[in-house]
Ligand code: RNT
Ligand code: ZN
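In the numbering used here, the protein residues as written are 1005 to 1445.
Right, dumping it as C-alpha cells:
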C-alpha cells in the first residue's frame, strides 16, 4: 500500500524539526536538490546496442550480461521507455546519447558522415521533455575498431576515419547544445589498449594526443559544447595497457582545458573517485562523472546507495563543486528489467545527493577546524539515522513521482503491456508482490 499523503506530510514536518536541531535547513536542501540534473545514459535501455544494425559486435571491452525481456529495438521504443522511467524519477534531468543512436531512416551512414540532422528527433524529444542532451562519439561496435584501436591506431587511414568521427560528433553536440539552450557535454572514450604488455607504450599515446588535438582544433562556444575525455585503467582485452590512462587524460585535460571524465569503475578496485574530485578540480576546469558500480572489476552494475556513492555526493556538496561537475550515469544490466535499472540507479544517485545536502555541514566543519575529531565522528554517525527517508518521500510526492517501492508495480504493468509484446513473450519476469499496488502519483 502506498503511504497516504497526510502521513508523508506529517513525517516530513517532524523530520524538518530533527534536522533543524542540528542546524540543517531542509527547505534549502530541497531547493538545491531540484537544480541538479542527472544525465541518464540511453544505453541502459538496449544493452549499448544502438540503431546502426551494422552486425558488428559491441566490442571495445564492453560487456552486457543478461537476457531480460523487452529491450528497446527502435528509437521510438527507447524514447517511450525513457519517458516512462523519467515519470518515476523526481526532478528534471538530461539524456546522454551515443552517436550509434543516430536515426538514419534505415540507411547506413558512415560514422564520419553523421550530422545533426540524424539526431533531430532526439533533439525534438528532449525539447518536449524540457531536458538537455549530452553526447558521445562511438568508438566501438564497428569494423574499423575491431582490432581494439581507434584514435591511436598505427594506420593513418583508420585513425583519420575516427578523427573525422570525433569532429562530426562535436558538431552534433554543439547543435544539440544550441538547440536546447544548455551546453552539451561531449565525452570521448576510446577502447584503445592491449591485452598483453606492449613494448612501445609511448607511440600510441603520442598519436592519441595528436588525434585529439585535431578533433578539438575548431573552437566551439562553451555555451553549446563542453569537451570531455574519459580515462581508464584497464578493460576486457586491454588488461595490460590502456592508451588513454588516467595520467594521460589528466595531463591532456589540464593542458588543453578540457573536462575530465572520471568513471567510478575505471580504477583499481581499491581506488575511489570520490577522493579524486577535489584533486583534479584544482587543475581542470570541470569534471564529468560516470557514476557506475564496479563489482570486482569494471562490471558496470546498476548504481546503488553504497558508501562510495555517498562519498561522491558528499564531495560535490562539501567541496561546493556542484557548479563544476556534470553527473552522468554509466551502467548496463540486462539481467533485470532495464527500466527498473534506470530508476534504481537514478533514484539512488539522487538519494545520495539529498543525503549530502542534509549533512550538518556547518557544525562538522567547525568540529574539524577545532580539531575535535571525536565530535566530528560522533556527529557523522548520528547523522546516519536522522529521518532522511521522510524528506526523500516528501520530495518524491512533491515532484509528482511514486513514493517508496510502489513504482515497481508500475514497471511491472509497463512490462506486461509494452515490453513483453516486443519479443513475442507474454510472461512477466518480475516476481509478483514486490511492492504494494496502487499509484502514488
Ligand atoms: C567504457 C566507458 C564508456 C562507456 C560508454 C558506453 O569503459 O565507461 O563511458 O561505458 O561510452
Ligand atoms: Zn564511462
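No residue lacks a Cβ here, since even glycine has one placed at the ideal position from N, Cα and C.
Can the beta-carbon of residue i be found less than 9 angstroms from the beta-carbon of residue j?
| i | j | result |
| --- | --- | --- |
| residue 1105 | residue 1079 | yes |
| residue 1103 | residue 1142 | yes |
| residue 1250 | residue 1302 | no |
| residue 1267 | residue 1236 | yes |
| residue 1349 | residue 1189 | no |
| residue 999 | residue 1426 | Any question about residue 999 goes unanswered here, given that the chain covers just 1005 to 1445. |
| residue 1034 | residue 1358 | yes |
| residue 1356 | residue 1317 | yes |
| residue 1191 | residue 1263 | yes |
| residue 1181 | residue 1228 | yes |
| residue 1252 | residue 1209 | yes |
| residue 1099 | residue 1136 | yes |
| residue 1313 | residue 1284 | no |
| residue 1366 | residue 1110 | no |
| residue 1292 | residue 1230 | yes |
| residue 1240 | residue 1067 | yes |
| residue 1193 | residue 1248 | yes |
| residue 1070 | residue 1337 | yes |
| residue 1016 | residue 1311 | no |
| residue 1126 | residue 1090 | no |
| residue 1073 | residue 1339 | no |
| residue 1202 | residue 1064 | no |
| residue 1233 | residue 1218 | no |
| residue 1394 | residue 1150 | no |
| residue 1086 | residue 1131 | no |
Residues in its own chain within less than 7 angstroms of residue i by CB, not counting five upstream and five downstream?
| i | result |
| --- | --- |
| residue 1116 | 1165, 1168, 1169, 1172 |
| residue 1411 | 1092, 1347 |
| residue 1129 | 1083 |
| residue 1198 | 1242, 1244, 1245 |
| residue 1108 | 1122 |
| residue 1287 | 1258 |
| residue 1238 | 1246 |
| residue 1307 | 1295, 1296, 1297, 1313, 1333, 1335, 1349, 1352, 1353 |
| residue 1023 | 1030, 1362, 1390 |
| residue 1200 | 1244 |
| residue 1051 | 1068, 1075, 1336, 1338 |
| residue 1387 | 1363, 1364 |
| residue 1380 | 1368, 1371, 1372 |
Once the 5 residues before and after residue i are set aside, which same chain residues still bring their CB inside 8 angstroms of it?
| i | result |
| --- | --- |
| residue 1437 | Note that residue 1437 scores 43 on pLDDT, short of 50, meaning its location in the model is unreliable and no value can be drawn from it. |
| residue 1095 | 1037, 1038, 1040, 1041, 1042, 1354, 1403 |
| residue 1320 | 1281, 1326, 1329, 1331, 1357, 1360 |
| residue 1383 | 1026, 1364, 1367, 1368, 1371 |
| residue 1048 | 1333, 1335, 1336, 1337, 1342, 1345, 1346, 1349 |
| residue 1174 | 1190, 1219, 1220, 1222, 1224, 1229, 1231 |
May I ask you to report which of helix, strand or coil DSSP gives residue i?
| i | result |
| --- | --- |
| residue 1449 | A question about residue 1449 goes unanswered here, because the residues of the chain that appear run from 1005 up to 1445. |
| residue 1083 | helix |
| residue 1030 | helix |
| residue 1109 | coil |
| residue 1118 | coil |
| residue 1068 | coil |
| residue 1197 | strand |
| residue 1293 | strand |
| residue 1276 | coil |
| residue 1014 | helix |
| residue 1427 | coil |
| residue 1442 | Per-residue confidence for residue 1442 stands at a pLDDT of 36, beneath the threshold of 50, marking its modelled position as unreliable; the derived number appears in the next sentence. The answer is coil: DSSP assigns residue 1442 none of H, G, I, E or B. |
| residue 1075 | coil |
| residue 1132 | helix |
| residue 1022 | helix |
| residue 1254 | helix |
| residue 1162 | helix |
| residue 1091 | coil |
Based on the DSSP output, what are the partners of residue i in its beta bridges?
| i | result |
| --- | --- |
| residue 1448 | A query on residue 1448 cannot be resolved here, the shown segment of the chain reaching from 1005 to 1445 and no further. |
| residue 1138 | 1100 |
| residue 1046 | DSSP lists no partner for residue 1046. |
| residue 1301 | 1299 |
| residue 1057 | Paired residue(s): none; residue 1057 is not in a bridge. |
| residue 1229 | 1188 |
Starting from the C-beta of residue i, find all residues in its chain whose C-beta is less than 6 angstroms away, skip the five residues before and the five after it, and write them out in chain order.
| i | result |
| --- | --- |
| residue 1120 | 1176, 1179 |
| residue 1444 | Residue placement at residue 1444 is flagged as unreliable, the pLDDT there being 33, under the threshold of 50; the coordinate-derived value follows with that caveat. Excluding residues within five positions, the ones whose Cβ falls inside 6 angstroms are 1006, 1406, 1407, 1410. |
| residue 1157 | 1163 |
| residue 1441 | Confidence at residue 1441 is low in this model, with a pLDDT of 37, below 50, so the placement of that residue should be treated as unreliable; the coordinate-derived value is given next. Here the set comprises 1413. |
| residue 1277 | 1266, 1268 |
| residue 1010 | none |
| residue 1260 | none |
| residue 952 | The structure shown does not extend to residue 952, since the chain spans only 1005 to 1445, so no value can be given for it. |
| residue 1289 | 1261 |
Tell me, please, whether the CB atom of residue i is closer than 9 angstroms to any CB atom in chain B?
| i | result |
| --- | --- |
| residue 1188 | This model lacks chain B altogether; it includes just one protein chain. |
Less than 8 angstroms separating the Cβ of residue i from some heavy atom of the ligand FMN?
| i | result |
| --- | --- |
| residue 1272 | The ligand FMN is not part of this structure, which contains only the ligand RNT and the ligand ZN. |
Continuous alpha helix (DSSP H) assignments of at least 4 residues falling wholly in the segment 1324 to 1406: 1342 to 1361, 1365 to 1373, 1377 to 1387, 1392 to 1402
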